[in-house]
Ligand SMILES: Cc1cc2nc3c(=O)[nH]c(=O)nc-3n(C[C@H](O)[C@H](O)[C@H](O)COP(=O)(O)OP(=O)(O)OC[C@H]3O[C@@H](n4cnc5c(N)ncnc54)[C@H](O)[C@@H]3O)c2cc1C
C-alpha cells in the first residue's frame with residue numbers, strides 16, 4: 014500500500030467514523046408521553062448519557078399516576094395506588110436493583126370485609142386470610158416519581174405537545190406535533206396509552222408502521238373512575254363489595270370496590286374510596302363530578318342509612334374515561350392471536366413502544382409500564 018492509498022483509506026474511515034458511532038449510540042431520543050413508562054425511559058436514557066426530549070400532550074407529568082392534594086391530611090392517589098408486587102420494584106424502576114430506597118410502605122391487609130347483596134349486608138372477614146398487598150405509607154406513586162425520577166428529567170419535558178405523526182426522515186425519525194412543530198430525532202419511544210394507538214391518533218409513515226397494528230383493536234382497554242369522600246365518622250368496613258361472594262371472587266377484570274382509603278395511613282380522617290374499572294360500559298362514567306358524587310352517596314345511603322348524608326363532608330372524582338389523552342383505565346384482555354409484544358415490536362430499530370400494555374406479567378401496573386420502558390432503553394443502548 015502506497016502512502017496515497019493509506020491516506021485515502023484513513024480519510025475515508027475518518028469521514029465514515031461519526032456515522033458508525035451515531036448508529037451505535039443515538040445522539041437524541043424522543044419519548045412520547047410522560048407517564049410511568051415515559052418518565053422511566055427518559056430517566057434511564059439520561060443516565061446513559063443519551064440526549065432526550067419528552068413530548069407530553071397534557072399540561073402535567075404522570076399520566077395515570079396523579080395525586081389528590083389538599084383534600085385530606087394524607088396525599089391520595091387518583092390513579093395507581095397499590096404496589097402490585099414487592100416494594101423492591103421501586104429500586105428496580107430507578108435502576109438501583111432491589112435496594113431499599115427508604116420509602117416507607119405498609120402491608121395492606123384489610124381485616125373487615127362486607128358484601129352488599131340482594132338488600133343485605135353480609136360479613137366475609139375470612140377474606141383477610143387471603144388478601145394482602147402493599148401500599149405507600151405517607152406518599153403516593155406520584156410522590157415516588159416526584160422524588161426519585163422527576164429531578165433528573167423535569168427540564169426535558171415539553172407540555173401541551175400532542176404528537177400526531179411519526180415519519181421516517183433519512184436514517185432517523187421526524188415527530189410532528191398537532192401545533193405544526195416538527196422535531197427531528199434518531200429514535201422514538203412511544204409510551205402513549207393503548208387507547209391513543211387504537212384511535213389512530215398517531216399516524217406513521219408506511220415504513221415505520223407496525224405491520225400488525227390493527228390487531229390492537231382486539232385488546233380491551235377498560236373504562237374507570239375513582240371517587241374519594243371524607244366523612245365525620247366511619248360507618249364502613251375496610252372493604253365493601255357488591256354482589257354475591259361467589260360473583261365477586263370470580264376472576265374478572267371488572268372491579269367495583271369501596272375501601273377505607275385511610276387504612277394504615279398516618280391520619281385520623283375518615284376517607285372512603287371507590288375504585289371502579291370495567292371493560293364494559295360504566296353508566297356513571299358519563300356523569301358530571303357532582304352528579305357522580307350524588308349518585309354514589311345515594312347508593313351507599315341505601316346500604317348504611319342516614320349516617321351517610323349526616324357524616325358527609327366533601328368528595329372528589331377522577332374520571333379516567335374522560336381524561337383527555339388517556340380515555341380509560343388500563344389494558345385488559347387480549348383477544349388477538351398475537352401477543353402485544355409482537356404487535357408492538359420495535360420497527361426499523363427506530364421506533365420503540367413501551368407502556369403498561371407491554372408490561373407482560375405486570376401488565377396494567379406502574380412497575381410493568383416502567384420495566385417495559387427500561388427494556389426499550391436497553392435495546393437502544395445495545396443497538
Ligand atoms: C383507576 C386506576 C387505578 C389503578 N391502580 C393501579 C394500582 O393500584 N397499581 C398499579 O401498579 N397500577 C394501577 N393502575 C395502572 C397504572 O396507573 C398504569 O398501568 C400506568 O400508570 C400506565 O403508565 P403508562 O406510562 O403506560 O401510561 P400513562 O400513564 O397513561 O402515560 C401515557 C402518557 O401519554 C400521554 N399522551 C397520550 N397521547 C399523546 C400524544 N398524542 N402525544 C403526546 N403524549 C400523549 C398521556 O397524556 C399520558 O401522560 C391504575 C390505573 C387506573 C386508571
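Residue numbers (the working numbering): 14 to 396. Every residue, glycine too, gets a C-beta built ideally from N, C-alpha and C. This one's a predicted model, so the numbers in the text were calculated from it and none came from an experiment.
Report back the beta-carbon spacing between residue i and residue j to the nearest angstrom; my notes put them in contact at under 8 angstroms.
i           : j           : result
residue 200 : residue 393 : 6 angstroms
residue 215 : residue 162 : Contact flag wrong, Cβ pair sits at about 24 angstroms.
residue 333 : residue 241 : Actually they are not in contact, since the Cβ atoms of residue 333 and residue 241 sit about 14 angstroms apart, beyond 8 angstroms.
residue 337 : residue 71  : 7 angstroms
residue 169 : residue 66  : 6 angstroms
residue 155 : residue 277 : Not a contact, Cβ separation roughly 18 angstroms.
residue 366 : residue 203 : 5 angstroms
With which residues is residue i paired in a DSSP beta bridge?
i           : result
residue 242 : 285, 328
residue 216 : 178
residue 68  : 45, 171
residue 120 : 147
residue 185 : 182
residue 254 : 128, 270
Which residues in the same chain have their Cβ closer than 8 angstroms to the Cβ of residue i, if we skip the five residues on either side of it in sequence?
i           : result
residue 190 : 68, 174, 175, 176, 177, 196
residue 19  : Residue placement at residue 19 cannot be trusted, given a pLDDT of 30 that sits under 50; what the coordinates show is reported in the next sentence. Counting only Cβ-Cβ distances below 8 angstroms, and skipping sequence neighbours, we find nothing.
residue 221 : 179, 180, 181, 186, 360, 361, 363, 364
Could you pull out every residue in the same chain whose Cβ sits closer than 7 angstroms to the Cβ of residue i, ignoring the five residues on either side in sequence?
i           : result
residue 282 : 85, 86, 243, 275
residue 350 : none
residue 140 : 126
residue 26  : Confidence at residue 26 is low in this model, with a pLDDT of 34, below 50, so its placement is unreliable and no value can be given for it.
residue 377 : 343, 344, 369
residue 310 : 321, 322, 325
residue 330 : 238, 240, 302, 305, 306
Who are the near neighbours of residue i in its chain, counting only those whose CB is closer than 6 angstroms to its CB and skipping five residues on each side?
i           : result
residue 247 : 283
residue 391 : none
residue 267 : 291
residue 362 : 396
residue 253 : 127, 271
residue 313 : 321
Any chance the CB of residue i is under 6 angstroms from a heavy atom of ligand 2?
i           : result
residue 189 : By its list of ligands, the structure shown excludes ligand 2, since it contains just ligand 1.
Segment contact, 8 angstroms Cβ cut-off, at least three pairs: the segment 296 to 310 with the segment 98 to 111: no
For the 8 angstroms Cβ check, are there 3 or more pairs between the segment 52 to 59 and the segment 110 to 128? no
Counting Cβ pairs closer than 8 angstroms, one from the segment 141 to 152 and one from the segment 88 to 95, do we hit at least three? yes
Would you say the segment 225 to 237 touches the segment 344 to 359, given that touching needs at least three Cβ pairs under 8 angstroms? yes
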